[in-house]
Structures are given as structure tokens and as C-alpha cells.
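Chains as they are written, first to last, in my numbering: chain A, 2 to 339; chain B, 911 to 1168; chain C, 31 to 362.
What follows is a short report on a single structure.
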Amino acid sequence: MSTLTREGRAAGESRAQPRSGDRLSDQHDQQPPDEGATPPGGRPDDAALEEMGNPHHGRAVKDAAARVVMWGAFGAVIVPLVWILYTVVSHGVNLLLSSTWWTNNQRNINSGDTGGGARHAIEGTLMMAGVTAVIAVPIGILTAVYLVEYGRGPLARAISFTVDILSGIPSIVAALFVYAVWVTTFGIERSGFAAALSLVLLMIPVIVRSTEAMLLLVPNELREAAYALGVPKWVTVVKVVLRTAFSGIVTGVLLGLARIMGETAPLLILAPYTKNFQRDLLHGNFPTLPMMINQDRGDIGFATAAERMWGAALTLILLVLLLNVIGRVIARAGSAKT
Amino acid sequence: MAKRIDVTDLNVYYGAFKAVEGVTMTIEPRSVTAFIGPSGCGKSTFLRTLNRMHEVIAGGRVEGKVMLDDQDLYAPRMDPVAVRRTVGMVFQRPNPFPTMSIYDNVAAGLRLNGVKNKKTLDGIVESSLQGANLWAEVKDRLNKPGAGLSGGQQQRLCIARAIAVQPQVLLMDEPCSALDPISTLAIEDLVGELKNEFTIVIVTHNMQQAARVSDRTAFFNLRATGEPGRLVEIADTTKIFNNPSEQATEDYISGRFG
Amino acid sequence: MTGVPVVDEKPEPKGNAPLGGDNASTARLGDRLFGGAATASGVIVIAMVTLIATFLIVQAVPALLDNQENFLTSRAWNPGGDQPGFGILEFLWTTVVAGAIAMLIAVPFGVAVALFLTQYAPVWMRGPAAALVDLLAAVPSIVYGLWGLITFAPFFRPIQGWIESTFGWFPLLAQTGITGGTILFIAVVLSIMVVPIVTALSREIFAQTPLAHKEGALALGATHWEMIRTTVLPFGRPGVISASMLALGRALGETIAVTFLVSSLPNGAAWTWSLFNGGETFASKIANNAAEFSNPSRTGAYIAAALVLFVLTFVVNSIARIVIERRKAFSE
């Protein structure tokens, strides 16, 4: 067995017949296969094999380059995240620390005035999200139950397909649809409730898909165990399947809420902003954080309005983040148990 | 040319867990060495250290020495990629690349090494498939997906893929455990032919298989669950099966083991 | 028969009510109510989508019939009045081009980040790093709009100036005199918004690449990158395609951020192929003119535009769906 070094080859080995002994000695030099390692059943001629002497360093360089590219891409994606968060926090944090931000509304506060708070918009956003959830969550969960526990055949496929369509509908289209029904067809005034209806359309597919994924994770053995005890199917679904998947479903609901809370387009069309407290979802204008941002963006020439805008944006981000964090904590707690 | 493997005082760890302890053995070139032993005794783990595949699993590391002739596989500047290029491996379950045709599967390793010439590839693909006793069965459908073959054919395809890059050593990790008896026989015949060209190490659960295909046999065992696996003895296969030196080996061979 | 759900063991006549699939329990009142509620919810979802399509069509048609211009090829936008004339060519161009460029940027980045999270990052880092990328998805789009408008635009302006002066000879990059809210700028902001969508789905499927395939490649002497190229990327390709389609759907429909950023063009502005032109997308045009919804004919024009956007996103999402289904069939 020859174990020639690089000098050995330099001393006289032809490129076509290097020994594989030095293949391992230098990671930057991938050698052609040794003559002895002929595969059974014949071998191609030497001249053809010469091509295998592809220098390994080309491959190592590519490998290293790929590594750099992946790290670089991650860095590049983190830059805007940090930049955005820094922008919002640095401009908005002062207002959030002021005493009135969490308690007051913007009544009688003009664009150039300071003071007031975002309480009305925070309450409005939460109320609207609550109403949306009250409608969307039962429909979403029951639809997922149908798809997983009952659905077979064409109806299930049709439902699954429409859920996909629904999840792809742009928020502005959902808003325009509600406008077409609510305002144009029935002549009802624009209101917080109308906006909530369009948010329902956006939230349902999120709930269906996340609940469906969670129900599919429930092992069939659990269902069979319940059936074997003579438990009716609906009790099995409610008490065994849904309970087992509970934390996952809650997480899905919270993430769905987080998604619709930041939606602005439906509010723009269906729920005009007011600076006052508003508890009536069915009549009149309705305050929300995105619309507060939108309002103050219009008066961005005023430093006070600009600051309010960033303050409202930061509040909205915090609200959405809070839901995300709670959702993930619940998901983790739930998965740790099982 | 097939190479000899010398292992000295090898310990294998996964994180803090010591999976294999103190293995010293020599694996002869152009022969078949079988690793036998109960489940969890570390034989597969040890096998993977021979081409540094254990490093694929997070936390996997070794202490000790593995020499391939006079090359230290764990020398600081040694590239695991080059090691694996020289020490090929066939896995427990056949794992042809599902998105590739039969031809592309066999050519995969060559293409990685920069072989682009169609004629060269054709030649090596054919000779490798013949070497794996698969050529006659697939020569008319080289462009069909490899995943469409039967389990036994897939495994031979993986062997063809491994020998196409003409390694020095071929490691086989229970290559027949997912196959039916007839496919198993085909692989065993193949192993017998391949040992003329390669150093072969085969892990098997099946003692009859070890007796049929191997020249030398190594028996691995562990003292108790949670303890690291260790090499009990290695000797000629006839000796291990007829007249082992260790009581533990004899107990295992004769079925008196747990 | 163990491991098979009871429902599957019952033979089910085709086309029957799904409840008929589980004969054991249909007779009970509770089962009927609960199963009925589940079915009803599913039917409600179907009804919603049907209603959306129906209402949009019904309210768009009268406006389209009165339209004096060609709806698909005209660049004019004069809805309402006695002689309404409107066409969507400009919105279609801006929407599709901005979406396409956003994809050109977001897909490579999203895939690279997904590979980073599944194949390159040290294990301890994967969870937190993925959470950071998800955080990018959690930022409301209105905040992207603000950031783009106020912080990022001044930063982008010199870059645009440099591109214009260097590559201005190329029609797509010709100078237009518009400095803020160009198609290219909107595309860049959109790409940042959809990267986490591409990453999230791609990450999921990359992580599912069977270890056996990866080990097969490594055992042949593949480098880490070659292993990814031969196993992870081919395995994940359908996932990447459908992720990209979903992201494209999101980019096409994104409303508020684009509305903040866009430079609307005056009626009758000269046509240019330049990416440094302004121009509304479907979504921003509708949102910017919400106050104009005064009479049915006016509103009808916007609803017609929404209908086109609906069809556009529907097609894109259907492609994603088909690709996912194909993969399911392939892997089973």
C-alpha cells in the first residue's frame, strides 16, 4: 500500500495515476480514485477517470461561501426588525410613560396640542377584537372539528378549499365585501361592528387551520379508548379531543387575534375614527389604535401628532406582542404536559 | 486498494453520555468484519465513528485513535468530508434520494466530485450497478425514480451509489434489517463479491448472517443498561462461533443471553 | 385494526351526509346537535366565500356595463358621473410588478434564512433566532408603512438616485423625477414584510428532510452545502414554491403599508416602464378613496377593482394549494 505524500507525486507521479494515499492527508486536494479500487464489473478507461481529480478546495470554498451567505441573510433580515423596533420605541416610549396615556382619550385635543391619551383607542381595539373573536372562534373551531372528526367526501373537500380561499383574501377585499352588503345593500351605517364582521372573515381561516393541526395531533388511541367505554361521539370530541388539544387551540386563537388587531384596511373603510370613548359598536364612529395612527399620520407636520402616532404604534406592537407571547407560553406549557 | 483500519482505545460520547468505551481492534483489508451484539451495545455507534458520521448527531465526539493505514482519521486537519469520501456507508433502511432517478442516484457522489463527462458517468454508473448486481434489473429504466424500486433493489442501489465513488472501506449498518429473506440473500451474496475490492464492515443483528458472510467477527456488549458499550472480543468468525474466548460471547452465541 | 379511527371502519356510502359515516352515534340528540353545529359551521364558511364572490360580482357588473372605457386595458380612472370611464391597467401593472420584485428579493432571503435556522445555526440559537424572525411577522403592517414612509424612505432615496444615474439607460430603471413611493421602493418594503412568511413555511419543510437522506449524502462525501443541495433543497422545493405563492398573495393584497408609501399619479400621466415610477396598487387605490364611496356607480368601479384583486390572489393561492397537494400525493 503506497502512501505517497505530495512530494512523492511531485517527484514523478503523473496526474492520471495519483495514489489515494495522500487523499486524506490534505483536505484541499481530492484525488482520483486509486487504481486498485476498481469496482467489480469493469471500469472506465484511465483518461476518463482523470476528470475525477477535481480539486477539493473549490468545493470547500463553496461550502464556506454558503455558510457565510446563510449567516449574512439572517443578519440582513434582523437589521430591518431592529431598525423598525428602534424607530418606534425611541419615538414613542415617552408618551407611553406619561400619566394620561393609559387613562385619557383625545377629546378636544387638536393636532398641535399635547396631552390626552390612547385609552379610547386601546379599549376600542380590544372591544373590536373581542367581538370578532366571539363570532369567529366558535365557527372556526367547529369547522375544524367538522374537517377532522366528521368530514369525509366532497363537502369536507369543499370546506377545506374555501378555507384556503378565505385565508388568501386580502383584507381590503373582505372590507369591501362587508361594505357591499352592509352599507350598499342594506343601507346600514358604518360602525365598529361592520369592521368586526370583515375581521371575522380574516380570522376564521387562521382559527380553522391552527385548530385543525392541533386536532390531528390528538392520537386516535384516545378516541378509541373513549368509544370503547361507550362514550357518545360528541362527548368524546368535546371532553377528550378538544380538551387534549385545548392549549394548542388557545394559542391559535391568540395568534389569530394578534393578526387581526393590526389590520387597518377594514377600519379605514368601515369604521371611521373618533377621538372620544365609544362603547357602542353598532352606531357611529369607532376609535381603534390603527386608526389613531392613521389620523395622526395625516397631521405629521405637528411634532405632537407625530409623537402620538409613534406612541400609538408602540402601544399596538406591545399589544400584539403580548398576545403572541401569551400564546407561545400557553403552547409551551401545553406541550410540556403531554 | 482496500485499506486496513486500526482502532486504539476509542471512546464515543454523545454530549456527556459515554456510548462506547475503550475499543481497540484491527480490521483487515479485503475481508468482511461483522459486528454483533445485543441492541444498544454501541456497535452501530462505533461503526459510525469509522467514517465520522457520528458527528452528524449533535454532541457526538470521540477520544482515541482511528488509523486508516497510516492516516489518522481524527487528525486536527483531517476533513470529515474527505473521510466519508474514502469510507463509504450503507444504511439500515435503503435511502435513495427520492427526487433523483436511478442513474442520478448512482452518479450523485461522482457529480459532487466534479465528474461531468457523460461518458465517464455512464461507464461508472454501469460498472457500479453491475458491481451491486442490479444492472440487469434496472438497465432499461435508469431514468425512473429510485424510490420506485423494491426494498432490496433500493438497498443494492444504495450500495451501487456508495461504491461508485470507489471508497477504500464500505461500512454497512444492518443493511438487511428492513429486507425480506430473498433480498437479504442477494445482499449477502453481494457482500461476498465486494470483499475482493473493499474492506467491509457490517453490523448485523442476525448471527447466522454474521456466520455466513464474515471472515472476522467482533462481539460487543454492555455490562448494564446506561453503561457504555464495549468490545468483548474480536476473532476469526469460526473461532467466535465455535470456540469463543469469553464466557459472555458464548452465552450470547448460544442464546443463553438475556 | 388497531390504530384506525372508528369512523374509518364504518363503510360510508358516497355522497351521504358526513354524519352517516359514523352510524354508531347518529341517533343521539347530543350527537345530532353537535355534529349538526360542526357541519353548519363548515357550510357557513362556504356560504361566506360564495357570498363574497356573488356580492362583488353583482355590484361590479352595473358599473362595468356603464363603463365607457375598456376595463382591462384603460389607464383612465373616472368612476361615477354621467360618463364613467375607468380601467385597471395601471393598478394591475403596479400590483403585479411590485409583487414580483418583492418575491425576487424575499424568496432567496427567506429560503436562506430558513436554511440558516434549520441547517446552519447552532442548536441553542435556533429557537431564539426563529422567534426573532416570527417577530418580524408580528409587526402590524401599518407600522411597516410608518417606518417605510418616515425612516426608510430618506435612506432609500440616495440609493435610488445612484441606481438612476448609473443604470438609467435601462428602461426599467429610467429616471422619472419621482423620489418617494416608487414601485421599487414599495417592492423593497413588501419584501421585508413577506420574508417571514417564506421563512416560516420553508423552515417547517426543510426540518422534515429525512435524516436518512441527509446521511446518505454525507456518507458519499458531500460537504454540508452539497448535502443541502442534493437532499434538503429538492425535498423542500414544493414547500418553498407554495410558501412563495402565499407570500405573493400577501404582497399583492397588502393595503395599508402601500397606501402610506405610494405616490399616486395624476390622471393622464405619461406611461413609463420605469420601476421608479409611482402608481397605485389595487389595494391602495381602494383604500385611498374610501371616502369616495358615495354612489353605487362610483363604488361599483372600486368593487370591480377589488374583484380583480380577489381573482388574482385566488389564482396565486390555488397554485400554492396545487403544489402542496402534489407533494402530499408524492410522499404518500
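By construction, the Cβ of each residue, glycine as well, lies at the ideal position given by its N, Cα and C atoms.
Identity of the residue in the options nearest residue i by Cα
| i | options | result |
| --- | --- | --- |
| T285 of chain C | C:T311, C:F306, C:L278 | C:T311 |
| R280 of chain A | A:S99, A:V239, A:L98, A:M128 | A:M128 |
| A77 of chain A | C:P226, C:L94, C:G72 | C:P226 |
| S91 of chain A | A:L320, A:R309, A:R333 | A:R309 |
| A313 of chain C | C:P92, C:V88, C:W123, C:G111 | C:W123 |
| P138 of chain C | C:L295, C:T261, C:V228, C:G210 | C:V228 |
| Y87 of chain A | C:G251, C:R105, C:V79, C:Y174 | C:Y174 |
| P326 of chain C | A:G188, A:E264, A:F162, A:L282 | A:G188 |
| E1036 of chain B | B:V1075, B:P1006, B:T1009 | B:V1075 |
| Q113 of chain C | C:A277, C:A247, C:L94, C:W199 | C:L94 |
| A307 of chain A | A:A196, A:E150, A:G116 | A:G116 |
| L282 of chain A | A:T245, A:V62, A:G131, A:I250 | A:G131 |
| Q1119 of chain B | B:A1096, B:A1134, B:C951, B:N1131 | B:A1096 |
| D920 of chain B | B:A1088, B:R940, B:K975 | Sequence check: residue 920 of chain B is Leu here, not Asp. When each option's Cα is compared against that of L920 of chain B, the closest is B:K975. |
Partner residues on chain C for residue i, Cβ-Cβ distance less than 7 angstroms
| i | result |
| --- | --- |
| N961 of chain B | A249 |
| G1019 of chain B | L250, G251 |
| F178 of chain A | I82, F85, L86 |
| R995 of chain B | G251 |
| V1075 of chain B | L250, G251 |
Residue i (DSSP reduced to helix, strand or coil)
| i | result |
| --- | --- |
| G43 of chain A | Annotation note: pLDDT 37 at G43 of chain A (below 50); position unreliable, coordinate value reported separately. Coil at G43 of chain A, not helix or strand. |
| R24 of chain A | Per-residue confidence for R24 of chain A stands at a pLDDT of 40, beneath the threshold of 50, marking its modelled position as unreliable; the derived number appears in the next sentence. Three-state DSSP puts R24 of chain A in coil, outside helix and strand. |
| V942 of chain B | strand |
| N339 of chain C | The amino acid at residue 339 of chain C is misidentified as Asn; the sequence shows Leu. Reduced to three states, the DSSP call for L339 of chain C is helix. |
| L50 of chain A | Annotation note: pLDDT 35 at L50 of chain A (below 50); position unreliable, coordinate value reported separately. Residue state, collapsed to three classes: helix. |
| K1026 of chain B | coil |
| N961 of chain B | coil |
| S195 of chain C | helix |
| R68 of chain A | helix |
| A266 of chain A | helix |
| P1055 of chain B | strand |
| D982 of chain B | strand |
| D1146 of chain B | strand |
| F1049 of chain B | Strictly speaking, residue 1049 of chain B in this sequence is Lys, with Phe absent from that position. It is coil, neither helix nor strand. |
| S91 of chain A | helix |
| T936 of chain B | strand |
| N347 of chain C | helix |
| M1010 of chain B | coil |
| P41 of chain C | Note that P41 of chain C scores 37 on pLDDT, short of 50, meaning its location in the model is unreliable; the coordinates nonetheless yield the value given after this. Note: P41 of chain C maps to coil in three-state DSSP. |
| R58 of chain C | coil |
8 angstroms Cβ cut-off: residues of chain C touching residue i
| i | result |
| --- | --- |
| A968 of chain B | V153 |
| A1042 of chain B | Here the premise fails: no neighbours, minimum Cβ distance about 15 angstroms. |
Neighbour list for residue i in chain A, Cβ cutoff strictly below 7 angstroms
| i | result |
| --- | --- |
| R297 of chain C | Going by the sequence as given, residue 297 of chain C is Asn instead of Arg. Ordered by position in chain A, no residue passes the 7 angstroms Cβ test against N297 of chain C, which lies about 22 angstroms from the chain. |
| W177 of chain C | I85, T88 |
Residue i, enclosing alpha helix (DSSP H) - first and last residue
| i | result |
| --- | --- |
| V169 of chain C | Premise fails: V169 of chain C is in no alpha helix (DSSP H) and is neither H nor E. |
| P281 of chain A | This sequence places Asp at residue 281 of chain A; Pro is not what is there. Careful: D281 of chain A lies outside any alpha helix (DSSP H) and carries neither H nor E. |
| F178 of chain A | 172–179 |
| N221 of chain A | 221–229 |
| E1160 of chain B | 1157–1163 |
| K244 of chain C | 241–249 |
| E309 of chain C | Rather than Glu, the amino acid found at residue 309 of chain C in this sequence is Gly. First-last for G309 of chain C: undefined, no H or E at that position. |
N-terminal and C-terminal residue of the beta strand (DSSP E) that residue i is part of
| i | result |
| --- | --- |
| R971 of chain B | 970–978 |
| Y923 of chain B | 915–924 |
| G211 of chain C | First-last for G211 of chain C: undefined, no H or E at that position. |
Neighbouring residues, chain B, relative to residue i (Cβ below 8 angstroms)
| i | result |
| --- | --- |
| F265 of chain C | P1008, T1009 |
| A242 of chain C | F1001, R1003, N1005 |
Contacts of residue i in chain C (Cβ-Cβ under 9 angstroms)
| i | result |
| --- | --- |
| R1066 of chain B | Those within 9 angstroms of R1066 of chain B in chain C number zero; the least Cβ separation is about 14 angstroms. |
| V991 of chain B | L248, G251, A252, T253, H254, E256 |
| I318 of chain A | A168, V169, P170, V173 |
| G998 of chain B | A249, L250, G251 |
Chain-ordered neighbours of residue i on chain B, where CB pairs are closer than 7 angstroms
| i | result |
| --- | --- |
| T381 of chain C | Absent from the structure is residue 381 of chain C, since the part of chain C shown begins at 31 and ends at 362. |
Residue i: contacting residues in chain A (beta-carbon distance under 8 angstroms)
| i | result |
| --- | --- |
| M78 of chain C | T163, L167, L202, I205 |
Which complete alpha helix (DSSP H) runs does the segment 1072–1138 of chain B hold, if anything under 4 residues is left out? With a minimum length of 4 residues, the continuous alpha helix (DSSP H) runs that stay inside the segment 1072–1138 of chain B are 1091–1104, 1117–1123.
In the segment 179–219 of chain A, which residue ranges form an unbroken alpha helix (DSSP H) of at least 4 residues, counting only runs that do not cross its ends? Secondary structure in the segment 179–219 of chain A: the alpha helix (DSSP H) runs of 4 residues or longer, each lying completely within the stretch, are 193–218 in chain order.
If you scan the segment 83–134 of chain C from start to end, which runs of the beta strand (DSSP E) of 3 or more residues do you find wholly inside it? Within the segment 83–134 of chain C, no complete beta strand (DSSP E) segment of 3 residues or longer occurs.
Which runs of the alpha helix (DSSP H) spanning at least 4 residues fall entirely within the segment 131–158 of chain A, listed in chain order? The segment 131–158 of chain A contains no whole alpha helix (DSSP H) run of 4 or more residues.
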